Amino acid sequence: MIVGNLKLVTGATGFLGSHIAEQLVNRQERVRALVRPSSDTRFLEKLNVEIFVGDLNEPDSVRQALKSVDTVYHAAAFVGDWGPWRQFYSGTVETTRNLVEACRRSACPKILHVSSISVYGKQSAMRGEYSEDLPIGQHHWIGDHYGRTKFLAEEQLKGYSNYTIVRPSWVYGPRDYKALPRVFEALRAGRVRVIGSGVNPLNMVYATDVARGAILAANHPSVHAQAFHLCHHGECSQRDMIDILCDRLKLPPVRRNVSLPLAWCVASIAEIAYQLARRPHPPPVTRRALYMIGRPTQFSTARAARQLGWQPEVGIRDGLKLTLDWYAENNAAVLEGRST
Numbered sequence: 000m001i002v003g004n005l006k007l008v009t010g011a012t013g014f015l016g017s018h019i020a021e022q023l024v025n026r027q028e029r030v031r032a033l034v035r036p037s038s039d040t041r042f043l044e045k046l047n048v049e050i051f052v053g054d055l056n057e058p059d060s061v062r063q064a065l066k067s068v069d070t071v072y073h074a075a076a077f078v079g080d081w082g083p084w085r086q087f088y089s090g091t092v093e094t095t096r097n098l099v100e101a102c103r104r105s106a107c108p109k110i111l112h113v114s115s116i117s118v119y120g121k122q123s124a125m126r127g128e129y130s131e132d133l134p135i136g137q138h139h140w141i142g143d144h145y146g147r148t149k150f151l152a153e154e155q156l157k158g159y160s161n162y163t164i165v166r167p168s169w170v171y172g173p174r175d176y177k178a179l180p181r182v183f184e185a186l187r188a189g190r191v192r193v194i195g196s197g198v199n200p201l202n203m204v205y206a207t208d209v210a211r212g213a214i215l216a217a218n219h220p221s222v223h224a225q226a227f228h229l230c231h232h233g234e235c236s237q238r239d240m241i242d243i244l245c246d247r248l249k250l251p252p253v254r255r256n257v258s259l260p261l262a263w264c265v266a267s268i269a270e271i272a273y274q275l276a277r278r279p280h281p282p283p284v285t286r287r288a289l290y291m292i293g294r295p296t297q298f299s300t301a302r303a304a305r306q307l308g309w310q311p312e313v314g315i316r317d318g319l320k321l322t323l324d325w326y327a328e329n330n331a332a333v334l335e336g337r338s339t
């Protein structure tokens, strides 16, 4: 296989993958997106990205997609807090394994793997600020399919020398059709409670900052087989975020608090009940949601700053405003609680 300067993006029709593809195009890179037949490719077509219709679960398809590729940005995964283990495993672990095996059989292109700080597990098991040297895969709760499979996906890279991992925290920004819209819905329904005192700094990070960090990590000549946190913390607390969203949605402020242990217990019971009832949708509160909004742990970005020159450029308050403005312009129904 002849390796060229073509960049392959998996998960490019998804949230973060679309931002990676967009920034690569803005850098005048040649970009190919591996997409499923059912994917909505309209945004990528506007970018003039090469569309390769295939499936990461089909090894032959992956090998064909790698032709002339020198760097793979692997952002595809099954993202969410609800669903059967098999769905998470197939969409995150098996797809990564197939990609790594295909890269081994080719001319060994660089893999930039998008992971998550969820590989570290439950927040109550850790205190303080942690570096990338913290062991992964040791503190996952039963039913943490997302965190567990993100850890197992990283394991698939062992033995492949030419890779770099980025571990973003809670990614938000334009084109997020999952996480923040669920927060809007919960606020309108009056289901939101402040977890603990609400003063914990949020580990939210703007999507364009993560995409920029991923590209920096993929292109650094001396960075191999390392992981980098891509986080933004210290500026905005949980309560601050809730107040900002309530103000924009024209809702009364959330004044009721619940302790994290109690909320965790309630979420655990709700998940068990929904599983027994075979509900296809998640309960009103899940442990994954509590992990995102209520964790006290902070993750150091010193390595990314030192080796990549990366720092988040968009503050959380500014980023939330930009995101809410984007919803207002492109999908007002999400903000207004109307069906789309």
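Taking numbering that gives the first Met the number 0, I'd label the letters of the sequence shown as residues 0 to 339. Heads up, the beta-carbon is just placed ideally off N, CA and C, and yes, glycines get one too. A quick note: this is a predicted structure, and the numbers were derived from the prediction, not measured.
*Confirm, please, whether the CB-CB distance from residue 72 to residue 170 is below 8 Å.*
no
*Expressed to the nearest angstrom, what Euclidean distance is found between the alpha-carbon atoms of residue 312 and residue 208?*
7 Å
_Please classify residue 135 as buried or exposed, where buried requires at least 16 other C-beta atoms within 10 Å of its C-beta._
buried
*For the stretch 240-288, which segments carrying the alpha helix (DSSP H) assignment without a break, of at least 4 residues, lie completely within its bounds, in sequence order?*
Fully enclosed alpha helix (DSSP H) runs of 4 or longer: 259-275.
*Distance, residue 20 Cα to residue 180 Cα*: 23 Å
*Looking at residue 326 and residue 334, is the spacing between their C-beta atoms short of 8 Å?*
yes
*Which residues mark the beginning and the end of the alpha helix (DSSP H) in which residue 65 is found?*
Note, residue 65: premise wrong, no alpha helix (DSSP H); not H, not E.
_Separation of residue 245 from residue 252, as counted between CA atoms_ = One C-alpha to the other measures close to 6 Å.
*How many Å lie between residue 343 and residue 256 at the Cα?*
This structure leaves residue 343 out entirely; the chain is present only between 0 and 339.
*With a cut-off of 8 Å on the beta carbons, I'd call residue 48 and residue 32 a contact; round off their distance for me.*
5 Å
*Are the beta-carbon atoms belonging to residue 303 and residue 212 less than 8 Å from one another?*
Yes, Cβ-Cβ distance for residue 303 and residue 212 is below 8 Å.
*If you draw a straight line from the C-alpha of residue 298 to the C-alpha of residue 138, how long is it?*
If I take the Cα positions, the gap works out to 16 Å.
_Taking its Cβ as the centre, do 16 or more other Cβ atoms sit within 10 Å of residue 214, making it buried, or is it exposed?_
Result: buried.
*Where residue 107 and residue 154 are concerned, what is the direct C-alpha to C-alpha distance, given to the nearest angstrom?*
18 Å
*Under 8 Å, do residue 163 and residue 111 count as touching if we go by C-beta distance?*
yes
*Who pairs with residue 113 in a beta bridge, going by DSSP?*
165
*First through last residue of the alpha helix (DSSP H) which encompasses residue 49*: Note, residue 49: premise wrong, no alpha helix (DSSP H); beta strand (DSSP E) at 49-52.
*Cβ atoms of residue 118 and residue 150: under 8 Å apart, would you say?*
yes
*Sort 160, 95 and 41 by Cα distance to residue 57 and report the nearest one.*
95
_Three-state secondary structure (DSSP) of residue 219_ = coil
*Name the DSSP bridge partner or partners of residue 145?*
For residue 145, which the question treats as bridged, DSSP gives no partner whatsoever.
*DSSP state of residue 321, grouped into three classes?*
In this structure, DSSP gives residue 321 a helical state, which the three-state scheme calls helix.
*Take the Cβ of residue 176 as the centre, count every other Cβ of all protein chains shown within 10 Å, and call the residue buried at 16 or more, exposed below.*
exposed
*Does the count of Cβ pairs from the stretch 74-81 and the stretch 270-289 closer than 8 Å reach three?*
yes
*Quick one: Cα of residue 54 to Cα of residue 250, how far?*
43 Å
*So, using beta-carbon positions, are residue 230 and residue 168 closer together than 8 Å?*
yes
_My output table needs one value for residue 192: the three-state DSSP class, helix, strand or coil._
In this structure, residue 192 counts as coil in the three-state DSSP scheme.
*residue 161 and residue 109: beta carbons closer than 8 Å?*
yes
*Selection from 203, 195 and 184 that minimises the alpha carbon distance to residue 166*: 203
*Just reading off the alpha helix (DSSP H) that residue 18 is part of, what are its end residues?*
14-25
*asked:* Would residue 344 and residue 18 be called neighbours here (beta carbons separated by less than 8 Å)?
replied: For residue 344 there is no data in the structure shown, the boundaries of the chain being 0 and 339.
*Do you know offhand how far residue 13's Cα is from residue 74's?*
A direct Cα-Cα distance of roughly 8 Å separates residue 13 from residue 74.
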